[in-house]
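This report concerns only the one structure given below.
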């Protein structure tokens, strides 16, 4: 009986270890999930900057997006003067984006996807054990702000010409982590997290 139990434990342990590898299909699925999380981030930033959310809506939606990121995630903010400031993610939502309507007036944010890398394994240097997979995505964040309410009547071409306000377009990079985890009933699963968002370059809105 002891031998059978030992063999079972060995096979069980081996099966868990063997599962901790992302197939190409797994990579596609998890990168798509990361894109969905990034879209949730973009939607929240757009809504906060427009000043359209109630306090309870802010709490709920910010909490949801924070759960998509690592706890230590930070966001870089830049301008055309090449000034870059870094904020913890939660502070970025509450102290930066949520104050845009008060600080700038009417704000329009536009996002677009740029590129992505493949997911690569990161292993413990001492043991060779898989820790997680990492990758990244680039996206463009365009910002237009003005104190003039006439912005609501401007078309995209006028906004791109930056008529009556401040505007810039920033390419940003967001880090991605896919972490292996084991659930007794569900088996091997992968947890996707977004991480730090950094500035790649900031240019005039075109």
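Residue numbers (the numbering used here): 97 to 302.
Backbone N, C-alpha and C define an ideal beta-carbon position, used for all residues, glycine too.
Quick caveat: nothing in here was measured; it's all calculated off a predicted structure.
Secondary structure note for residue 221: it is in no alpha helix (DSSP H), with a DSSP letter that is neither H nor E. Here residue 214 carries a coil assignment [DSSP, helix/strand/coil]. A check of alpha carbon separations from residue 158 across 173, 123, 194 identifies 194 as the nearest. Put simply, the backbone Cα of residue 199 is about 47 angstroms away from that of residue 221. Minimum Cα-Cα distance from residue 203 among the listed residues 270, 301, 240, 132 corresponds to 240. For the 7 angstroms CB-CB criterion, residue 293 and residue 270 form a contact. In the DSSP assignment, residue 172 falls within the beta strand (DSSP E) that extends over 170-174. In terms of CA proximity to residue 265, 296 leads the group 277, 296, 287.
A straight-line Cα-Cα distance of about 6 angstroms links residue 286 and residue 277.
Beta-bridge pairing by DSSP links residue 276 to 286. The alpha carbon of residue 164 has as its nearest neighbour, out of 133, 231, 126, the alpha carbon of 133.
The beta carbon of residue 166 lies closer than 6 angstroms to those of 289, 291 in the same chain, with the five residues before and after it left out. Residue 121: member of the alpha helix (DSSP H) spanning 120-146, first to last residue.
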